[in-house]
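Undergrad:
Pasting the structure below:
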């Protein structure tokens with residue numbers, strides 16, 4: 001069984017979280033998904049809907065896969081010392097630490113992206129880059145892999161990154177099946193990124 | 001303010017619900033999103049994560065937009081007389097009734113698709129078609145519009161349908177902005193559907 005812990009905090013972005021979780025949750029493999037946060041109970045998203053916490057951060061340290069969504073709430077979380085400590089602890093044993101959108105600001109604030117390549121969403125690009133001064137931020141890419149760190153561009157890019165992670169961990173067929181099940185137009189080339197130009201980053 | 005009520009039930013499909021809600025929730029318009037179900041408290045998805053109910057079905061009757069996700073749980077819901085009654089009540093005043101994936105089976109079971117064109121996901125196509133015997137089921141299409149009823153193909157197709165609804169209700173610019181914000185590769189032509197062939201339906 002593969003344990004996947006997905007972080008939530010007030011003001012997380014709905015699709016950052018649930019796009020990847022749809023795909024991980026549909027893979028023909030034994031994956032246990034747990035929503036984790038700093039406190040029990042419901043946690044509200046940017047768009048309104050609230051998700052229930054399944055386990056506390058301290059109970060999720062043994063997960064092999066971590067997923068960190070972005071959203072406006074990330075601005076408070078990059079100063080949350082408990083959370084940054086948990087991320088550092090989790091990173092020691094995790095196979096893969098994933099972020100979607102501005103979620104990479106949290107990995108950067110924890111120092112985990114120092115000396116690494118990473119990306120984030122287009123609209124907050126310069127702000128996130130300021131959080132991770134020792135990171136090489138890639139402007140035009142759907143996602144970036146550097147060691148155990150997988151960071152994706154904005155919102156829907158998390159789904160393409162998730163499929164790339166599924167491919168790596170469970171094989172190409174598994175990823176392809178999950179995409180076809182979801183009737184999803186998988187962009188399996190990380191260089192596919194028309195949005196960098198649309199948002200004026202390149 | 002536009003009220004959008006999104007139905008949940010045990011065993012709903014995560015992306016069916018949260019893909020469209022991400023887009024509706026990011027539109028530059030005053031849209032209030034409420035998760036509605038038959039009882040208060042958390043409701044579990046197929047993939048595991050639980051969403052909180054914001055209001056009961058009877059409190060959501062005045063919504064202008066309704067969203068019905070699919071998922072394995074739909075098989076129980078098509079026999080849920082209270083729910084079918086609520087759908088009929090809601091349909092009287094709603095502007096648009098939307099379903100994603102097998103969610104259209106629920107509209108069909110309520111008799112709301114009688115004499116109409118509709119679609120559903122590929123994997124459950126024949127099963128859903130048996131639920132709605134008086135409906136013309138379209139095999140190859142990303143989504144179908146017939147009157148106030150908008151039905152989409154499987155899972156991720158709900159996002160393209162949501163953008164088409166946003167375009168209709170709030171204008172092309174609004175839909176385009178929401179897609180670009182989400183860095184989403186919008187398929188704005190309902191005829192785009194490679195999955196009908198992949199799944200052997202055509």
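Chains as they are written, first to last, in full-length UniProt numbering: chain W, 1 to 202; chain E, 1 to 202.
Backbone N, C-alpha and C fix where the C-beta goes; we use that ideal spot for every residue, glycine too.
Please list, in chain order, all residues of the same chain as residue 119/W whose beta carbon is under 6 Å from its beta carbon, the five residues on each side excluded.
TA: Excluding residues within five positions, the ones whose Cβ falls inside 6 Å are 138, 141, 144, 151 and 153.
Undergrad: Can you round the beta-carbon distance between residue 35/W and residue 8/W to whole angstroms, since I take them to be within the 8 Å contact cut?
TA: That pair is a contact at about 6 Å.
Undergrad: If the cut-off is 8 Å on Cβ atoms, which residues from the region 24–37 of chain E count as contacting chain W, listed in chain order?
TA: Answer in chain order: 24, 25, 26, 32, 33, 34 and 35.
Undergrad: What does a CB cutoff of less than 7 Å around residue 175/E pick up in its chain, not counting 5 residues either side in sequence?
TA: Result list for residue 175/E: 163, 166 and 167, in chain order.
Undergrad: Report the CB separation of residue 64/E from residue 3/E in whole angstroms; it is logged as a contact under 8 Å.
TA: At roughly 6 Å, the Cβ-Cβ gap stays under 8 Å, so residue 64/E and residue 3/E are in contact.
Undergrad: How many angstroms separate the CA atom of residue 173/W from the CA atom of residue 155/W?
TA: Cα to Cα, residue 173/W sits roughly 25 Å from residue 155/W.
Undergrad: Around the C-beta of residue 121/E, are 16 or more other C-beta atoms found within 10 angstroms, so that it is buried, or is it exposed?
TA: Classification of residue 121/E: buried, given that the 10 Å Cβ count is 16 or more.
Undergrad: Which value, in whole angstroms, describes the spacing of the CA atoms of residue 169/E and residue 16/E?
TA: For residue 169/E and residue 16/E, the distance between alpha carbons rounds to 20 Å.
Undergrad: Nearest CA to the CA of residue 123/E: which residue from 101/E, 73/E and 131/E?
TA: Closest option to residue 123/E, Cα to Cα, is 101/E.
Undergrad: So what does residue 145/E bridge to, in DSSP terms?
TA: The partner list for residue 145/E (beta bridge, DSSP) reads 150/E.
Undergrad: Expressed to the nearest angstrom, what Euclidean distance is found between the alpha-carbon atoms of residue 19/W and residue 159/W?
TA: Taking the straight line joining both Cα atoms gives about 5 Å.
Undergrad: Please compile the residues from chain W whose C-beta is within a distance smaller than 9 Å of the C-beta of residue 19/E.
TA: Result: 14, 15, 18, 19, 22 and 156.
Undergrad: When you measure from the CB of residue 184/W to every non-hydrogen atom of the ligand NAP, does any distance come out below 8 Å?
TA: With respect to the ligand NAP, the structure offers nothing, as it holds no ligand at all.
Undergrad: Roughly how many angstroms lie between the CA atoms of residue 180/E and residue 51/W, to the nearest whole one?
TA: Spanning the two alpha carbons is a distance of roughly 25 Å.
Undergrad: Span of the beta strand (DSSP E) holding residue 3/E?
TA: Per DSSP, residue 3/E belongs to the beta strand (DSSP E) from 2–7.
Undergrad: Check whether the region 185–196 of chain W touches the region 42–61 of chain W, taking contact to mean three or more Cβ pairs, one atom from each stretch, closer than 8 Å.
TA: The region 185–196 of chain W, when compared against the region 42–61 of chain W, does not touch it at the 8 Å Cβ threshold.
Undergrad: Please determine, among 182/E, 68/E and 28/E, the residue with the shortest C-alpha to C-alpha distance to residue 110/E.
TA: Nearest of 182/E, 68/E and 28/E to residue 110/E, Cα basis: 68/E.
Undergrad: Pull out every residue of the region 135–159 of chain E whose Cβ sits closer than 7 Å to any Cβ of chain W, in chain order.
TA: Going along the region 135–159 of chain E in chain order, one finds 153, 154, 155, 156 and 157 with a Cβ nearer than 7 Å to chain W.
Undergrad: With residue 50/W as the anchor, note down where its beta strand (DSSP E) starts and where it stops.
TA: That run of the beta strand (DSSP E) goes 50–52.
Undergrad: Beta carbon of residue 91/E, beta carbon of residue 98/E: below 9 Å?
TA: Their beta carbons are not under 9 Å apart, which means residue 91/E does not touch residue 98/E by this criterion.
Undergrad: Based on the DSSP output, what are the partners of residue 161/W in its beta bridges?
TA: DSSP output for residue 161/W lists no bridge partner at all.
Undergrad: Since residue 74/E and residue 103/E are thought to touch, with beta carbons under 8 Å apart, how far apart are those beta carbons, to the nearest angstrom?
TA: Indeed, because the Cβ distance is near 7 Å, the residues count as touching under 8 Å.
Undergrad: What are the boundary residues of the beta strand (DSSP E) that includes residue 32/W?
TA: Looking at the DSSP string, the run of the beta strand (DSSP E) that includes residue 32/W is 31–37.
Undergrad: Following the continuous beta strand (DSSP E) through residue 68/E, name the residue where it begins and the one where it ends.
TA: 65–68 is the span of the beta strand (DSSP E), which, as asked, contains residue 68/E.
Undergrad: So which residues of chain E does residue 180/W contact, with C-beta pairs closer than 8 Å?
TA: Within 8 Å Cβ-Cβ: 195, 198 and 199.
Undergrad: Please state the DSSP three-state secondary structure of residue 40/E.
TA: In the structure shown, residue 40/E sits in coil (DSSP, three-state: anything other than H, G, I, E or B).
Undergrad: Using the beta-carbon of each residue, which ones in chain E are nearer than 8 Å to residue 52/W?
TA: Neighbours of residue 52/W on chain E, chain order: 42, 49, 50, 51 and 52.
Undergrad: Using 9 Å as the limit for Cβ to Cβ distance, is residue 126/W near chain E?
TA: False, the Cβ-Cβ gap to chain E never drops below 9 Å.
Undergrad: Ignore the nearest five residues each way along the sequence and tell me which others in residue 53/E's own chain have a CB closer than 8 Å to its CB.
TA: So the list reads 8, 35, 36, 37, 39, 40, 41, 42 and 43, once near-sequence residues are dropped.
Undergrad: Taking the alpha carbon of residue 62/W as the point to measure from, which residue in 21/W, 86/W, 106/W and 183/W has its own alpha carbon closest?
TA: The residue with the shortest Cα to Cα distance from residue 62/W is 86/W.
Undergrad: In terms of residues, what are the limits of the beta strand (DSSP E) holding residue 90/W?
TA: Per DSSP, residue 90/W belongs to no beta strand (DSSP E); it is in the alpha helix (DSSP H), 81–93.
Undergrad: Given residue 147/W, which residues of its chain have a CB within under 8 Å of its CB, disregarding the five upstream and five downstream residues?
TA: For residue 147/W, where only same-chain residues beyond five positions count, the Cβ hits under 8 Å are 116.
Undergrad: Counting only C-beta atoms, is residue 46/W closer than 9 Å to chain E at any point?
TA: Answer yes: the Cβ-Cβ gap between residue 46/W and chain E drops below 9 Å somewhere.
Undergrad: Run through DSSP, which three-state label would residue 117/E get?
TA: It is a strand residue.
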